[in-house]
Amino acid sequence: MNKLKNSRLRLKALRALAIGLGISVSAVAGALVQSKIGTKQLDPSQVVILNQAQERDALYVQQSVQQLAQRLGDLQAKVIEMESLGRRIAEHAGVQYTDPELLQQMEWQDPAPKLSSAQDLGRELDNLYYSLSERQDWLTMLDSVLSQRLGNQARFPAMHPVDRSYVSSGYGWRRHPITGRHTLHEGMDFSAPVGTPIVAASGGIVTEARYRSGYGKTVEIAHGDGLITRYAHASSILVRLGDVVEKGQLIARVGATGQVTGAHLHFEVRLEDQPLDPILFLPKEYSDTLLVQSSTTK
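As numbered in mature numbering (1 follows the signal peptide of the UniProt record, and there is no 0), residues -29 to -1, 1 to 269 make up the sequence shown, in order.
Printed below as a string of C-alpha cells:
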C-alpha cells in the first residue's frame, strides 16, 4: 500500500499548489496594472484595454483552478475507493491493514512535485490519475481472486454431520460386514441412536432425496464444481429434491434402512463421482478424535 500512501501525499501537495497558483496569477495581473497607472504611462484607452486583459486572465485562471479542483476531487474519490479495496483485501488475506494517514508522520522517497505552471500541474494530475486507475484495477482483480478462493473454501464439507456419534467404520478397504467380501468402503460410518439429527456438512442443492438400493433412505447434496456429499441409511428424510440447504441445516435423521447391521449414518464425499476420504475435510478437532476412534475399531 506504499504507492497508495504516497499518492495521498502528492495529492495534498498538488491541491495546495493549485490554490496558490490561482491566487498568485491574479495578484500579479492586478499589480501590473496598478504599477503602470501609478507611473502615468497609460492613457485612459490603454487602461481599459489592460483592465479587459486582466479580466480575461482572471477568468482563465478561475476556470483553470475550477478544472484542477474537479480533477483533485476525482483523485480523492479514487484514493477513497482504493483504501476501501485495500481494507477488504487485507481482511481476505488475513493481514493487518495500515491506515494511510499514519504515513504522514513518516518519510517518503518521492519528493513533492516541482511545478511552474497550470499546464505542468494538469499533466501531473493526469499522470497520477492514470497511475491510481491502474492500481485500482489490480486491486479489484486481487479482491475478486481472494473472494473466489474464500467461496471455494466455504463449499468444503467441513462440518461434522452427526453429533453424539463415534466412527464405527472408516474410509478404506475392509471386509464387508454382510457379504464378507473385501471391498472399498467409500465413506465413514457414524454410529448413533435412531432419530439422531443429520445436518448438511456444507451448503448446497439437494440432488437426491429418496430410497436407494443398499443405501436405504439417502440424501445427496451438490456443493458445486463436481463436489457432493451423501448421507445414507436414514430413518427419515426432511428435505426434498431441489431444496437449497445451508451448512448445519437439518436434512434427515439417523436410521437403519438399506443394507446395514445397525443404526448409523453412512457419510460420503465425492468429487466428479470419485470417493474421497471424508476425514480430509472435517475440522482438525474432529478428525483427530475420529482417527483415534477409527483406529480402535479396526
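No residue lacks a Cβ here, since even glycine has one placed at the ideal position from N, Cα and C. Predicted model only: the values in this text are computed from it and were never measured.
Please name the residue or residues paired with residue i in a DSSP beta bridge.
i: His235; result: Ser162, Gly226
i: Gln47; result: Answer is none; Gln47 lacks a bridge partner.
i: Gln245; result: Leu242
i: Ser140; result: Asp160
i: Arg146; result: His153
i: Arg201; result: Glu191, Glu239
i: Glu179; result: Glu191
i: Leu221; result: Val170
i: Ile208; result: Ala223
i: Val133; result: In DSSP, Val133 forms no bridge with anything.
Within its chain, find whatever has a CB closer than 6 Å to the CB of residue i; leave out the 5 residues flanking it on each side and keep chain order.
i: Ala228; result: Looking at the sequence provided, one finds Thr at residue 228 rather than Ala. Hits under 6 Å: Gly187, Lys188, His204.
i: Leu3; result: Below a pLDDT of 50, predicted positions are generally treated as unreliable, and Leu3, at 48, falls in that range; the measurement from the model is reported next regardless. Closer than 6 Å at the Cβ level, and outside the excluded window around Leu3, lies no residue.
i: Arg183; result: Thr189
i: Pro128; result: Ala172, Ser173, Thr200, Val240, Phe252
i: Trp144; result: Leu155
i: Arg146; result: His153
i: Gly195; result: Arg126
i: Glu157; result: Glu239, Pro246
i: Glu217; result: Gly174
Measure how close the beta-carbons of residue i and residue j come, nearest whole angstrom, since I'm counting them as under 8 Å.
i: Val240; j: Thr200; result: 6 Å
i: Gly219; j: Met130; result: 6 Å
i: Tyr100; j: Arg42; result: 7 Å
i: Val50; j: Leu103; result: 7 Å
i: Leu96; j: Leu39; result: 7 Å
Using beta-carbon positions only, say whether residue i and residue j come within less than 9 Å of one another.
i: Val215; j: Gly174; result: yes
i: Val133; j: Thr167; result: yes
i: Tyr142; j: Pro249; result: yes
i: Leu212; j: Ala234; result: no
i: Ser206; j: Val165; result: yes
i: Ile192; j: Ile208; result: no
i: Phe161; j: Leu236; result: yes
i: Gln230; j: Gly185; result: yes
Starting from the C-beta of residue i, find all residues in its chain whose C-beta is less than 7 Å away, skip the five residues before and the five after it, and write them out in chain order.
i: Glu243; result: Gly197
i: Arg135; result: Ala163, Thr167
i: Gly151; result: none
i: Pro254; result: Ala129
i: Ile(-7); result: Note that Ile(-7) scores 45 on pLDDT, short of 50, meaning its location in the model is unreliable and no value can be drawn from it.
Leaving out five residues on either side along the sequence, give the residues of the same chain with a beta carbon under 8 Å from the beta carbon of residue i.
i: Gln23; result: none
i: Arg94; result: none
i: Thr232; result: Pro148, Ile149
i: Arg27; result: none
Can you check whether the C-beta of residue i is within less than 9 Å of a C-beta belonging to chain C?
i: His131; result: The structure shown contains no chain C; it is built from a single protein chain.
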